[in-house]
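Since the structure comes first, as structure tokens, the remarks are kept for the end.
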Amino acid sequence: MKIKRNVSLAKHTTYKIGGLADYFVDIKDLEDLKQALKFADDNSLPIFILAGGSNVLFSDDGYRGLVIKINNKELKINGEEIIAEAGVLMNDAVSKSIENNLAGLEWAGGLPGTIGGAIRGNAGCFGSEIKNIVKEVTVATNNGEIKLYKNKDCQFGYRDSIFKHNGEIIMSATFELQLGNKESLKKVVFDHIKYRQQRYRLPSCGSVFKNCFLKDGSVLSAGALIEACGLIGKTIGGAMITKEHANIIHNFNNAKAADVLDLMNLIKENVEKKFGIKLEEEVQLII
747 MKIKRNVSLA KHTTYKIGGL ADYFVDIKDL EDLKQALKFA DDNSLPIFIL
797 AGGSNVLFSD DGYRGLVIKI NNKELKINGE EIIAEAGVLM NDAVSKSIEN
847 NLAGLEWAGG LPGTIGGAIR GNAGCFGSEI KNIVKEVTVA TNNGEIKLYK
897 NKDCQFGYRD SIFKHNGEII MSATFELQLG NKESLKKVVF DHIKYRQQRY
947 RLPSCGSVFK NCFLKDGSVL SAGALIEACG LIGKTIGGAM ITKEHANIIH
997 NFNNAKAADV LDLMNLIKEN VEKKFGIKLE EEVQLII
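Residue numbers for the sequence shown follow this note's numbering, so the first one is 747 and each next one is one higher.
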């Protein structure tokens, strides 16, 4: 394990935005993590756990602490279960499941990020969420102890889980899948990848805001609200509200974090003024 100094965070996020981290380390197992946590404790450094970097916006000023990149990547099949370490890319898990005729992950075809990040934020699309297939999750506490969570203990919600709030670090997970037809699964994945390629042509973090759940149980699309405010195509600096989907802000021209934040604030102000609704960020802001 090697702790690096002054590492560009832009190189570790799908937004391609962010300043320098004072300290940065890739961890590949529990022992690496324990050493990284000890280094942070010995030097009184705050830590940030980085998964795939697909749902985070770092400040242009970087991060004054230790960024721990979860990079453990073991992936194996056990009957109709997949056991994946947190650093495994979602697309690799999808491919592995299809190779073994297993259904349940195909909705995530083309989804950026890692297993750990997907579980932490209960990633979902096309009507499915990762909580539907999680059997159990293994985490490490901030002192390096291992704990096991069953699905019911993970407190999954809309783009949420207990792991967003308790400071524990996801290390691996077991998923319960079921036998499926390989060719049918391939077709679903192909269609989803094609859909994403049309909407994510430029660096972004995917959906910027969460959809809105009303008291009567109905759901309002954040993208539809933004579009109704006439903001599609709006640019600030190098950031743009994309024409393909109003809830996506592209980095189209060397955008700064400040450009994205200014657009986000503009969106929130307009939506609240027009609809009386306060949008909540889906992207994690490390500003």
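A virtual CB, placed ideally from N, CA and C, is assigned to each residue, including glycine.
Own chain residues within Cβ distance below 8 Å of residue i, not counting five before or after
i: Glu-826; result: Leu-848, Glu-922, Leu-923, Gln-924, Leu-925
i: Asp-768; result: Arg-751, Asn-752, Leu-791, Gly-808, Tyr-809, Arg-810, Gly-811, Leu-812
i: Lys-893; result: Thr-884, Val-885, Ala-886, Thr-887, Glu-914
i: Asn-878; result: Gly-850
i: Ser-907; result: Ile-865, Arg-866, Gly-867, Asn-868, Lys-877, Cys-900, Gln-901
Exposure of residue i, with buried meaning 16 or more beta-carbon neighbours within 10 Å
i: Leu-779; result: buried
i: Ala-970; result: exposed
i: Glu-777; result: exposed
i: Ile-1033; result: exposed
i: Leu-1031; result: exposed
i: Leu-960; result: exposed
i: Glu-891; result: exposed
i: Asp-775; result: exposed
i: Gly-833; result: buried
i: Ser-918; result: buried
i: Gly-976; result: exposed
i: Glu-990; result: exposed
i: Phe-936; result: exposed
i: Phe-955; result: buried
i: Ser-953; result: buried
i: Lys-815; result: buried
i: Asp-1005; result: buried
i: His-758; result: buried
i: Ser-800; result: buried
i: Asp-787; result: exposed
i: Gly-979; result: exposed
i: Ser-930; result: exposed
i: Gly-963; result: exposed
i: Asn-818; result: buried
i: Gly-798; result: buried
i: Glu-1015; result: exposed
7 Å CB neighbourhood of residue i in its chain, flanking five on each side removed
i: Asn-957; result: Val-965, Leu-966, Ser-967, Ala-968
i: Ile-916; result: Ala-832, Gly-862, Ile-865, Arg-866, Val-883, Val-885, Phe-909
i: Ala-756; result: Lys-762, Ile-763, Gly-764
Per DSSP, the bridge partner or partners of residue i
i: Cys-958; result: Leu-966
i: Ala-985; result: Ile-982, Asn-997
i: Glu-1027; result: Phe-955
i: Val-753; result: Ala-767
i: Leu-848; result: Leu-925
i: Ile-1032; result: Phe-804
Beta-carbon proximity list for residue i, same chain, < 6 Å, skipping 5 on both sides
i: Lys-1024; result: Glu-1018
i: Glu-875; result: Asn-868
i: Thr-988; result: Ile-994, His-996
i: Ser-823; result: Before going further, note that residue 823 is Ile rather than Ser in the sequence given. If we look at Ile-823 and ignore the five residues flanking it on each side, its Cβ neighbours are Asn-846.
i: His-938; result: Gly-855, Gly-856
Within-7 Å CB hit, residue i to chain D
i: Asn-1000; result: Reference to chain D is not applicable here, since this structure consists of a single protein chain.
Check: residue i C-beta below 6 Å from any heavy atom of the ligand COA
i: Tyr-769; result: In the structure shown, the ligand COA is absent, as is every other ligand, since no ligand is present at all.
Q: Quick one: which unbroken beta strand (DSSP E) runs of 3-plus residues sit fully inside the segment 765-843? Chain order, please.
A: The beta strand (DSSP E) runs lying completely inside the segment 765-843 and spanning 3 residues or more are 766-773, 793-796, 802-804, 809-816, 821-824, 827-831, given in chain order.
Q | Touching by the beta-carbon criterion (3+ pairs, under 8 Å), the segment 855-863 and the segment 894-907 | A | No, the segment 855-863 is not in contact with the segment 894-907.
Q) Hey, is the segment 797-804 in contact with the segment 755-767, meaning 3+ C-beta pairs nearer than 8 Å? A) Output reads yes: the segment 755-767 touches the segment 797-804.
Q | Sufficient close CB pairs (3 or more, under 8 Å) joining the segment 816-830 to the segment 940-950 | A | Verdict: no, contact absent.
Q: Let me know the beta strand (DSSP E) ranges lying completely inside the segment 886-923, each 3 residues or longer, listed in chain order.
A: Fully enclosed beta strand (DSSP E) runs of 3 or longer: 892-896, 915-922.
Q.
To test your reading of the DSSP string, which unbroken alpha helix (DSSP H) runs of 4 or more residues are found completely within the segment 855-889?
A. Runs found: 861-866.
Q | Runs of alpha helix (DSSP H) lying entirely within the segment 922-947, each at least 4 residues, in chain order | A | Runs found: 928-945.
**Q.** the segment 978-985 / the segment 995-1010 touching (three or more Cβ pairs under 8 Å)
**A.** Verdict: yes, contact present.
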